[in-house]
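Read the structure below first, then the notes.
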Amino acid sequence: MKASVSLDRAALRSSLLAWYDRQARTLAWRVSPDERRAGVRSDPYRVWLSEVMLQQTTVPHATPYFLSFTQRWPTVSDLAAVEDGDLMAAWAGLGYYARARNLLACARAVADQHGGVFPDTEEGLRALPGVGAYTAAAVAAIAFDRAANVVDGNVERVMSRLFAVETPLPDAKPELKALAGDLVTDERPGDWAQALMDLGATVCKPKGPLCDRCPVSAWCEAFKGGAPETYPRKTKKGDRPRRHGVAYVLTRGDAVALVRRPPKGLLGGMLGLPTSEWRATPYDDAEAVAAAPIAGAWRDFGAVEHVFTHFSLTLRVFAADKAGNGGANGGDFVWTPREGLSALPSVFLKAARAAERLL
DNA sequence: GATTCGTGGTA
DNA sequence: TTACCAAGAAT
Numbered sequence: 001m002k003a004s005v006s007l008d009r010a011a012l013r014s015s016l017l018a019w020y021d022r023q024a025r026t027l028a029w030r031v032s033p034d035e036r037r038a039g040v041r042s043d044p045y046r047v048w049l050s051e052v053m054l055q056q057t058t059v060p061h062a063t064p065y066f067l068s069f070t071q072r073w074p075t076v077s078d079l080a081a082v083e084d085g086d087l088m089a090a091w092a093g094l095g096y097y098a099r100a101r102n103l104l105a106c107a108r109a110v111a112d113q114h115g116g117v118f119p120d121t122e123e124g125l126r127a128l129p130g131v132g133a134y135t136a137a138a139v140a141a142i143a144f145d146r147a148a149n150v151v152d153g154n155v156e157r158v159m160s161r162l163f164a165v166e167t168p169l170p171d172a173k174p175e176l177k178a179l180a181g182d183l184v185t186d187e188r189p190g191d192w193a194q195a196l197m198d199l200g201a202t203v204c205k206p207k208g209p210l211c212d213r214c215p216v217s218a219w220c221e222a223f224k225g226g227a228p229e230t231y232p233r234k235t236k237k238g239d240r241p242r243r244h245g246v247a248y249v250l251t252r253g254d255a256v257a258l259v260r261r262p263p264k265g266l267l268g269g270m271l272g273l274p275t276s277e278w279r280a281t282p283y284d285d286a287e288a289v290a291a292a293p294i295a296g297a298w299r300d301f302g303a304v305e306h307v308f309t310h311f312s313l314t315l316r317v318f319a320a321d322k323a324g325n326g327g328a329n330g331g332d333f334v335w336t337p338r339e340g341l342s343a344l345p346s347v348f349l350k351a352a353r354a355a356e357r358l359l
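In structure tokens, the structure reads:
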């Protein structure tokens, strides 16, 4: 019995790794087989940076940011020397801004406490800011050839189908991780991790899996069962509540008044437009004007919709020009020229565009 | 252990 | 339009 299990595992691994070599999928952060033959080693800095950017983020969205970051800051020490505001501006639009704060904290920890060299073990990596179980395992495997169990959403889906796991997510996570761990060996751990994730991303997709092209369908219980797309099982998500707010576009010549948001919480540390409180009930005109950061001739520019992970937002947009209103002082604005608006999170970019006639 | 935290693409 | 989803981490 035991012999047949290990035989299956070896055959499955062999088939998937052969498929991975055949694909030769090119990604901006990946060392190609040709490069590897030429002696190029994967750079832990680039592996780490890519893994952080890819957390809950698609490859097409992350790729231009990765290229820009690695061009501006070729090493972790270069990144560690960046000022907070510049880093946050460079991250604008990627989302989950705690990642940017932790990215900088991690770079500085590596530069200051590790001599600019990344730890080469899972435990050492896991202790760094913004590096959780997945990222520590991924960097350990891909950059340092450690036999780490790299489990992301792709791997969970692949395991749930291979073994027809009936436990719904997220309860199934420990079970799926254990199943993935049984397939890890000392042979090409980095390639194995990437092969599994590539399979999930391009073949074993959430909807419409391409089982006729799958290198491991022969071992797949869900495929045998005839309904692979129904895995992983999952518990339904609750409704997303709606919130309402008002954003204020205050101009002074070419400049727009921005505010630096508190360091933690939603959009923490980012520049943003001044806004009212975001609450459950809509704002009428009088409330919107009353909540403005300074008194002025506020004009209604409609509203924009934005969806966050855990709520939807209807944001009314009011705008005014500060010219000829030198009196009232609403406090410390960061006056930013029009082109500087690219440093804003998307929700504020939408609102600013809504007032574009004024800008 | 349940919540909080973005964004853009796709069915 | 709605719902789901993508190489998760911190609290």
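Following full-length UniProt numbering, the numbering of the first sequence begins with 1 at its first residue and continues without gaps.
Here a beta-carbon is modelled for each residue, glycine too, at the ideal position from N, C-alpha and C.
Computed from a prediction, not measured in an experiment: that's the story for all the values here.
Among the options, the one whose alpha carbon lies nearest that of residue i
i	options	result
residue 321	295, 250 and 17	250
residue 145	290, 349, 283 and 44	44
residue 254	286, 323, 236 and 310	323
residue 286	300, 355 and 149	300
residue 256	284, 334 and 19	334
residue 233	35, 20, 332 and 157	157
residue 103	55, 120, 115 and 12	55
residue 308	160, 239, 276 and 317	239
residue 24	191, 118 and 147	191
residue 282	339, 18 and 313	313
residue 118	57, 83 and 49	49
residue 237	170, 113 and 337	170
residue 63	38, 84, 36 and 26	26
For residue i, three-class secondary structure by DSSP
i	result
residue 364	No answer is possible for residue 364: it lies beyond the span of the chain, which begins at 1 and ends at 359.
residue 303	strand
residue 328	The predicted model places residue 328 with a pLDDT of 49, which falls under 50 and marks its position as unreliable; any figure quoted below should be read in that light. If DSSP states are grouped into helix, strand and coil, residue 328 belongs with coil.
residue 321	strand
residue 384	The displayed coordinates of the chain run from 1 to 359. Any statement about residue 384 would go beyond what the structure contains.
residue 315	strand
residue 3	Here the model assigns residue 3 a pLDDT of 45, short of 50, so the residue's position is not dependable and the matter cannot be decided.
residue 22	helix
residue 162	helix
residue 46	helix
residue 279	strand
Beta carbon of residue i nearer than 8 Å to that of residue j
i	j	result
residue 180	residue 203	no
residue 88	residue 97	yes
residue 129	residue 105	yes
residue 235	residue 174	no
residue 28	residue 79	no
residue 150	residue 141	yes
residue 243	residue 279	yes
residue 311	residue 241	yes
residue 247	residue 176	no
residue 258	residue 345	no
residue 318	residue 297	no
residue 229	residue 200	no
residue 269	residue 263	yes
residue 133	residue 184	no
residue 17	residue 260	no
residue 31	residue 42	yes
residue 352	residue 92	no
residue 20	residue 186	no
residue 70	residue 46	yes
residue 15	residue 206	no
residue 302	residue 227	no
Chain-order list of residues whose beta-carbon lies under 7 Å from that of residue i (same chain, five-residue window excluded)
i	result
residue 350	304 and 306
residue 99	52, 55 and 130
residue 193	138, 141, 142 and 150
residue 392	Outside the displayed range of the chain (1 to 359) lies residue 392, so it cannot be described from this structure.
residue 219	8, 12 and 162
residue 337	254 and 255
residue 339	none
Same chain, Cβ closer than 6 Å to residue i, neighbours up to 5 away in sequence not counted
i	result
residue 136	122, 125 and 126
residue 327	Low confidence applies to residue 327: its pLDDT is 45, below 50, so where it sits in the model is not reliable enough to give any reading.
residue 77	111 and 116
Cβ shell of residue i (< 8 Å), same chain only, five flanking positions each side left out
i	result
residue 4	Because the pLDDT at residue 4 is just 49, under 50, the model does not fix this residue reliably, and the value given afterwards should be weighed accordingly. For residue 4, where only same-chain residues beyond five positions count, there are no Cβ hits under 8 Å.
residue 61	94
residue 217	211 and 223
residue 360	No statement about residue 360 is possible, as the shown extent of the chain runs from 1 to 359 and does not include it.
- request: Please go through the segment 227-274 and give each complete beta strand (DSSP E) segment of 3 or more residues, from N-terminal end onward.
  value: 242-252 and 255-260
- request: Mind listing, in chain order, the continuous alpha helix (DSSP H) runs of no fewer than 4 residues lying wholly within the segment 94-146?
  value: 98-113, 122-126 and 133-144
message: Ignoring anything shorter than 4 residues, give me the alpha helix (DSSP H) runs that lie fully in the segment 331-359, in order along the chain.
response: 346-354
- request: Would you mind listing the alpha helix (DSSP H) stretches within the segment 176-209 that are 4+ residues and don't spill past its ends, in chain order?
  value: 189-202
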